[in-house]
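Colleague: Structure below; questions to follow.
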Amino acid sequence: MGDETVLNELRQEIRDLAIRVASLESTTAKEQPDQADSESSIPQTNDDFWALSGLRSRLGEHASTEQGAVTLVGAVTLPTGAPVSWQQTAGTTGLFEIEWEERATAFAALGHPMRLELLRHILSGIHSTAELTSIESLGTTGQLHHHLRQLLSSGWLKQSGRGSYEVPPARVVPLLACIVASDH
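Residues in the sequence shown are numbered from 27 upward in steps of one, following our numbering.
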């Protein structure tokens with residue numbers, strides 16, 4: 027095995043560990059002490075809307091959620107084996123008061139099929155530019171770099187080393203929620 031191969035494998039292991047640490051840190055910061063085991067925190071009920079029921083039961087707890095709230099929540103194991111857990115809630119009062127056009131860049135970055143494909147490949151464990159350029163569906167090297175720049179500038183990607191990219195843990199669940207929401 028050549029030195030370059032060993033070095034690339036070590037880089038990949040470090041990236042995977044960084045993703046896992048970030049995921050654990052985000053989970054720890056957002057978990058209640060009694061919800062450490064994600065399986066035990068999922069209600070054992072026939073209520074198909076258990077997440078919605080839980081959200082509704084908490085609406086009156088804060089002034090910003092009295093008129094409603096939106097929650098993004100997910101516990102995911104990526105194809106690489108890295109776990110990602112994320113929860114984000116915003117009161118609808120605040121959502122109607124902010125300027126939505128400031129969010130256009132983030133949505134526009136997802137508006138190209140090649141960028142969505144690029145994100146899917148990166149979430150599946152292909153992180154290096156060299157590996158990504160070998161995937162025909164991602165276009166030419168120039169096209170690939172253009173799309174990488176768009177995803178970087180909008181926060182859907184971050185550079186994890188020279189010529190290496192990853193989806194930040196705080197963006198994994200929101201990205202997958204966008205994919206789910208687009209399903210008719």
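The beta-carbon is built from N, C-alpha and C at its ideal position, and this holds for glycine as well.
Ordered along the chain, which non-local residues of its own chain (more than five positions away) have a Cβ less than 6 Å from that of T155?
Modeller: Stepping through the sequence shown from its first residue, residue 155 is reached at position 129. For T155, where only same-chain residues beyond five positions count, the Cβ hits under 6 Å are G189.
Colleague: Give the range of the beta strand (DSSP E) segment to which Q93 is assigned.
Modeller: Locating residue 93 in the sequence shown gives position 67, where the first residue counts as 1. Run containing Q93: none; DSSP gives neither H nor E here.
Colleague: Tell me, which residues are paired with Q113 by DSSP?
Modeller: The residue you call residue 113 lines up with position 87 of the sequence shown. Answer is V99, bridged to Q113.
Colleague: Suppose the cutoff is 8 Å on Cβ atoms and the five residues either side in sequence are ignored; what does the same chain contact list for V96 look like?
Modeller: By 1-based counting over the sequence shown, the position of residue 96 is 70. Excluding sequence neighbours, V96 sits near T115, A116, T118 and L121.
Colleague: Can the beta-carbon of L149 be found closer than 7 Å to that of V193?
Modeller: One-based indexing of the sequence shown puts residue 149 at position 123. One-based indexing of the sequence shown puts residue 193 at position 167. Yes, the pair counts as a contact, with Cβ atoms nearer than the cut-off.
Colleague: Quick one: give me the first and last residue of the beta strand (DSSP E) that G187 is part of.
Modeller: Along the sequence shown, one-based indexing puts residue 187 at 161. That run of the beta strand (DSSP E) goes K184 to G187.
Colleague: Pull up the distance between the alpha-carbon of M140 and that of A130, whole angstroms please.
Modeller: As a working mapping, residue 140 is identified with position 114 in the sequence shown. As a working mapping, residue 130 is identified with position 104 in the sequence shown. Those two C-alpha atoms are separated by around 18 Å.
Colleague: Just to check my reading of the structure: V110 and V198 have Cβ atoms closer than 8 Å, yes? What is that Cβ distance to the nearest angstrom?
Modeller: The residue given as residue 110 occupies position 84 in the sequence shown. The residue given as residue 198 occupies position 172 in the sequence shown. With 8 Å as the limit, V110 and V198 qualify as a contact, their Cβ atoms being about 5 Å apart.
Colleague: Please go through the same chain and pick out, in chain order, the residues whose beta-carbon is closer than 8 Å to the beta-carbon of H88, but skip the five residues on each side of it.
Modeller: Your numbering for residue 88 matches position 62 in the sequence shown. G117, listed in sequence order.
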